[in-house]
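Enquirer: In our numbering, the protein residues as written are 169 to 251.
Next comes the structure, spelled out in structure tokens:
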């Protein structure tokens, strides 16, 4: 069975929420992602993270993605090719 080399976490955030609460939500997501990576035996310092925000009308869906191992190498190669 192949090992996982990426993880994703999404949250829905109201657009009218204050910047303070948006920043706090982002910090919570970063913390939770790091904790989950440690739980499955991945060093959060060896991963790369990418954020995506998707408009959902009166709210936004934020997704943080963590990549390590083969997925990290593939993503870095794709980004280098686009640059």
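Glycine included, every Cβ here is placed at the ideal spot set by N, Cα and C.
Return the CA-CA distance between residue 182 and residue 226, expressed in angstroms with no decimal places.
Expert: 6 Å
Enquirer: In chain order, which beta strand (DSSP E) runs of at least 3 residues are fully inside the segment 205 to 246?
Expert: 216 to 223 and 227 to 235
Enquirer: Based on the DSSP output, what are the partners of residue 179 in its beta bridges?
Expert: 230
Enquirer: Could you tell me whether the Cβ atoms of residue 215 and residue 234 are closer together than 8 Å?
Expert: yes
Enquirer: Is the distance from the Cβ of residue 219 to the Cβ of residue 173 below 8 Å?
Expert: no
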